[in-house]
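In what follows, a structure is listed as structure tokens, so that the remarks can point back to it.
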Amino acid sequence: MLLLVQLTTGLLSASYACSPGVSGGIENSNEVITDPTLMFQASPPVGWTYYPVISGAVPGAPPVASFFPGQSMTATEAVNRATGDVTAAVLDAFSSASLSAPGLQVNLVYEADQISNCYTTPATPPGTKIGLLSGGAITETATVTGTAGAGVTLTSCPPRGIAGVGEFQEYIKNVKVIIRGFSTTRFMWNRITSSMLSTLNFRYHVLFRSEITIGS
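Going by numbering that gives the first Met the number 0, the residue at position 187 of the sequence shown is 186; the numbering climbs one at a time, nothing skipped.
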């Protein structure tokens, strides 16, 4: 959790030092931007992913669902939760800046992934993504490749150094927030994105891997 706080503090500091929430360069803070698209990379909170249902260990046995607490059941639910969290962060940012935007529309472009918690029985099918949970976010994943096309019975969790399971890699997703129905200066958009970053991190456990960039 300490790493999460340090990373967010660093991003916020960098944002304010060089136009909040925007990557590098000298910018005109008085530039008026209408209906921007906000983009960032992040390790998503567990609720922005959904879990697989695995067949039972033997024919006729009930299916097994290996999930993380708070994980979504379906891709649709995961995307809806992501949309709700981001929309709430945007509205909170507008409220904090004392901005009235009755016609504001917030649309999210985000693809939810199926991520499994680690389990030892039954065998894990090839293609399964196994996640690592840290600070409420899925930060790494490893893909089960299988052995001669068969599933892999995991002997430990997390599964490191096990035949038929790939190495864990950082899990980072691209997120795009399309805002419609509002126009203001770049300076104010920078304030909005900085507030969004803080809210998404501390309230919704989004682990940011980049600043929030403002595009037209």
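Here a beta-carbon is modelled for each residue, glycine too, at the ideal position from N, C-alpha and C.
| Asked | Found |
| --- | --- |
| Met-195 burial status per 10 Å Cβ neighbour count (16 or more: buried) | buried |
| Residue interval of the alpha helix (DSSP H) (run including Ser-215) | Where Ser-215 is concerned, there is no enclosing alpha helix (DSSP H), given that its DSSP letter is neither H nor E. |
| Beta-bridge partners of Arg-179, as assigned by DSSP | Gln-104 |
| CB contact flag (Ile-191, Ala-96, <8 Å) | yes |
| The segment 139-159 contacting the segment 82-93, beta-carbon criterion three pairs below 8 Å | no |
| DSSP state of Leu-131 mapped onto helix, strand, coil | strand |
| C-beta atoms of Pro-35 and Ser-193 nearer than 8 Å | no |
| C-beta atoms of Glu-30 and Thr-184 nearer than 8 Å | yes |
| Reference Trp-188; option with closest CA among Asn-173, Thr-48, Phe-167 and Thr-212 | Thr-212 |
| 7 Å CB neighbourhood of Gln-70 in its chain, flanking five on each side removed | Val-45, Gly-46, Thr-48, Tyr-49 and Tyr-50 |
| Sequence-distant residues of its chain with Cβ nearer than 6 Å to Thr-73 (five each side left out) | Tyr-49 |
| DSSP three-state assignment for Thr-198, whether helix, strand or coil | helix |
| Distance between beta carbons of Ser-65 and Tyr-118, contact taken as under 8 Å | 4 Å |
| Val-89 in three-state terms, based on DSSP | helix |
| Residue span of the beta strand (DSSP E) that contains Leu-37, given as start and end | 36-42 |
| Where the beta strand (DSSP E) containing Glu-139 begins and where it ends | 136-142 |
| Per-residue burial, Gly-126 [other beta carbons within 10 Å of its own, 16 or more giving buried] | exposed |
| Contact with chain B by Tyr-50, beta-carbon distance below 8 Å | In summary, chain B is missing from the structure at hand, where a single protein chain is found. |
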